[in-house]
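Chemist:
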Amino acid sequence: MRHSIISRTLKAGLLAAALGLPLVLTSEPTAFAAQKTAPAASLMHRDDADFQVLYPGVYSAKEKAVVAKYLADNQALKDRGPIDVQALIHGTLPKDTPGVGPVVHATEAWVRYDNDKYDPKDPIRGDAAYARSLGFQDILAYPTFATNDDIYMVPWPVQGRDKLLVSELNHSVTTYKPIYPGDDLYLVANARTVTDLTPPEGSTYRSIAIQTKGSVYNQRGEKVNDVIFRVTENIRVYKDPSKAPANPGFGDIWVAPDWLARPAHVYSDQDWVKIKDIWSKEKRRGAEPLYWEDVKVGDQPAWTLDGPIEASVMPIKPWGMGAGGSRTLKAEIMDPAVAKTLVRGAKDGIYRLPNPKDEIPALPETAAGEGPAPAGAIDTTDIHKDGAKRSPLVNFMGRDLAIRAITNWMGDRGWLETIRWSIMDPRAMADGGYPVPHNPDAEHWLDRVPFLKGKYVNTHGLTQDVAIVKSYVTAKYVRDTKHMADVVWWIETIDGHIFEEGLANVVLPSRTAS
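Residue numbers for the sequence shown, in my numbering: 3 to 516.
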């Protein structure tokens, strides 16, 4: 069986290479197709003497068996069809059912932990009586509470790679039902496609675009979320297998642009005047309705600002919003009496608590290690660990900062239907010396904003950055009787670098709707 899969895939790969097409991979021999947009760039061949030249759909000895198993598993997920939701929530599915992930328990402690860290003064996330006055059962968890990309993004087989360069994380979460404290959330993968973007002429990097679609259900069998997680993995294989470490760790395999080459900003008195001005203009709409009829294309919601960020949120499996990460000292800095007790860094100009560790809220007791590790994944906490240098910010930290900005604008009568976000744009990767191909399925939104034409996410968010969330209403329309607005958002550093972009699809109340 494996031999026949490999042989068919090899033939498909050679034909695709001859035609100059990217290859969409499953375990079926004819499952490849041309994309509308061919890859625009290929990776530079660094250290070519050490690494094999790889071709689309043509696998090295290291890859063959494990890739065949990987593709067969993806095909089994497709063959499964729609999940039996009642069997899922009652625990009666066969144990080998493809795509069944962990169960996330939305304990009140965890819900309040996330809410307090990101938006401590929002009553819909902290005051149960207020939330019930609006028709909800309890306080609302963030809609992204359970949707961890590490759980859904099953990577190219770890046994089939010696080096890994990740690019173009490109994700989406659609929310149908509120998440309340006490809910049990069942994570399910529904489909996974793998597109080989390796150039036909070959490269010492195999570029693989992986897209996983999935859903989240609550204990009542209601669909809470639909998700899409996309990643492009660029892998290398040594010519001489003896050069590969026997038990590779994060440092042995990871390849990335030198994001840390961007100098840390030194916050001046003028910077703090700007920061305080942004904070003073933040507005939470709350229970006051924002009617669809009053929204105009071109509206720019009030900015929000978080940071300077002292520590990134860390991925915790399977928690969708991670754990740790520093909170913003807005309340302390804006209070003249309390501000006098803060300690300002002589070298960076950042205000801190007398004990900076107090800026990281204490974790609920159930945090560490809950849920299984995703199969074959590296320990992604290694990417974001603090050390002597700054560390990169995890992608979903920016997403959740943006949710607060969108919620402020739309108010508690609006509904955030879909939040989309993206980091590590291929153009920024090329700027850093790694011209990776663009994933033809990925979405980007900055060009929808007239004054951002030609702009892109040009850096990676790092600790000591501030996160200024800006946004722009790009469309309004009625879909299935719902009055909708599209809001493009992006996150800037104080120097104007963009480190994350996204799109919010928002449902608003209407004066004319019943």
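All C-beta atoms, glycine included, are put in the ideal place defined by N, C-alpha and C.
Counting along the chain, where does the alpha helix (DSSP H) carrying Ile335 start and finish?
Modeler: Lys332 to Met336 is the extent of the alpha helix (DSSP H) around Ile335.
Chemist: Enumerate in chain order the residues of its own chain whose CB-to-CB distance from Ala375 is below 7 Å, with the five nearest sequence positions on each side excluded.
Modeler: Any answer about Ala375 is weak, because its pLDDT of 42 lies below 50 and its placement is not dependable; what the coordinates show is given next. Within the same chain, Ala375 has close Cβ partners Lys319.
Chemist: In terms of alpha-carbon separation, which member of Ile405, Phe398, Gly324 and Met336 lies closest to Leu365?
Modeler: Gly324
Chemist: Compute the Euclidean distance between the alpha carbons of Val55 and Arg163, then round it to the nearest angstrom.
Modeler: One C-alpha to the other measures close to 13 Å.
Chemist: Hey, is the stretch 424-433 in contact with the stretch 163-180, meaning 3+ C-beta pairs nearer than 8 Å?
Modeler: Counting C-beta pairs closer than 8 Å gives three or more between the stretch 424-433 and the stretch 163-180, which meets the contact rule.
Chemist: Let's see if you can read the secondary structure: which residues bound the beta strand (DSSP E) around Phe231?
Modeler: Lys225 to Arg238
Chemist: Run through the stretch 87-153 for me and flag every whole beta strand (DSSP E) of 3 or more residues, listed as ranges in chain order.
Modeler: 102-107
Chemist: Over what stretch of residues does the alpha helix (DSSP H) that includes Trp281 continue unbroken?
Modeler: Asp271 to Lys283
Chemist: Determine the closest residue to Ile210 out of Met486, Ala444 and Ile405, with distance taken between C-alpha atoms.
Modeler: Ala444
Chemist: Apart from the five residues just before and just after Ala111, which ones in its own chain have a Cβ nearer than 6 Å to its Cβ?
Modeler: Residues Pro366 of the same chain have their beta carbon placed closer than 6 Å to that of Ala111, with the five preceding and five following residues left out of the count.
Chemist: Looking at C-beta atoms only, is the number of pairs between the stretch 332-342 and the stretch 286-306 that lie closer than 8 Å three or more?
Modeler: no
Chemist: Take every Cβ of the stretch 469-480, pair it with every Cβ of the stretch 299-306, and state whether three or more of those distances are shorter than 8 Å.
Modeler: yes
Chemist: Since Phe53 sits in a beta bridge, which residues does DSSP pair it with?
Modeler: Tyr240
Chemist: Rounded to the nearest angstrom, what separates Asp414 and Leu464 at their Cα positions?
Modeler: Annotation: Asp414 to Leu464 spans about 31 Å, alpha carbon to alpha carbon.
Chemist: Suppose the cutoff is 7 Å on Cβ atoms and the five residues either side in sequence are ignored; what does the same chain contact list for Phe53 look like?
Modeler: Result list for Phe53: Thr206, Arg238, Val239, Tyr240 and Lys241, in chain order.
Chemist: Taking the alpha-carbon positions, what's the Val113 to Ala70 distance?
Modeler: For Val113 and Ala70, the distance between alpha carbons rounds to 41 Å.
Chemist: Look at the alpha carbon of His499 and the alpha carbon of Asn460, and state the distance between them as a whole number of angstroms.
Modeler: In this structure, the CA atom of His499 is about 7 Å from the CA atom of Asn460.
Chemist: Select from Pro145, Ala130 and Tyr144 the residue whose C-alpha is nearest the C-alpha of Phe138.
Modeler: Ala130
Chemist: Whole-angstrom Cβ separation of Gln161 and Val68, contact assumed at under 8 Å?
Modeler: 5 Å
Chemist: Under DSSP, the alpha helix (DSSP H) around Met399 begins and ends at which residues?
Modeler: That run of the alpha helix (DSSP H) goes Asn397 to Met412.
Chemist: Return helix, strand or coil for Gln213, following the three-state DSSP convention.
Modeler: strand
Chemist: Candidates Pro317, Lys278, Ile141 and Trp492: which alpha carbon is nearest Asp152's?
Modeler: It is Pro317.
Chemist: Can you check whether the CB of Ala506 is closer than 8 Å to the CB of Val489?
Modeler: yes
Chemist: Can you tell me whether Asp449 is helix, strand or coil according to DSSP?
Modeler: helix
Chemist: When DSSP builds the beta bridges, which residues end up paired with Ala487?
Modeler: Lys478 and Val508
Chemist: Closest by CA to Thr409, which one among Ser328, Asp121 and Ser314?
Modeler: Asp121
Chemist: Pop quiz: Thr146 and Val175 are said to be a contact at Cβ under 8 Å. What is the actual Cβ separation, rounded to whole angstroms?
Modeler: 5 Å
Chemist: Determine the burial state of Thr177: buried for a count of at least 16 other Cβ atoms within 10 Å of its Cβ, exposed for fewer.
Modeler: With 16 or more other CB atoms across the displayed protein chains lying within 10 angstroms of its CB, Thr177 is buried.
Chemist: Sorted by chain position, which residues of the same chain lie with C-beta nearer than 6 Å to Ser62's C-beta, five sequence neighbours on each side aside?
Modeler: Gln54 and Val239
Chemist: Grab the span of the alpha helix (DSSP H) containing Asp75 for me, first residue to last.
Modeler: Lys66 to Arg82
Chemist: What does the Cβ neighbour count give for Asp98, buried or exposed, with the cut at 16 atoms within 10 Å?
Modeler: exposed
Chemist: By DSSP's criteria, Tyr188 is part of a beta bridge. Which residues make up the other side?
Modeler: Beta-bridge partners assigned by DSSP to Tyr188: Val105 and Tyr219.
Chemist: Measuring only the C-alpha atoms, how far is Ile566 from Tyr269?
Modeler: This structure cannot speak to residue 566, because the chain is shown only from 3 to 516.
Chemist: Which of the three DSSP states, helix, strand or coil, is assigned to Gly324?
Modeler: Correct three-state label for Gly324: strand.
Chemist: Alpha carbon to alpha carbon, what distance is there between Gly128 and Asp118?
Modeler: For Asp118 and Gly128, the distance between alpha carbons rounds to 8 Å.
Chemist: Taking the alpha helix (DSSP H) that Arg329 belongs to, which residues open and close that run?
Modeler: Run containing Arg329: none; DSSP gives neither H nor E here.
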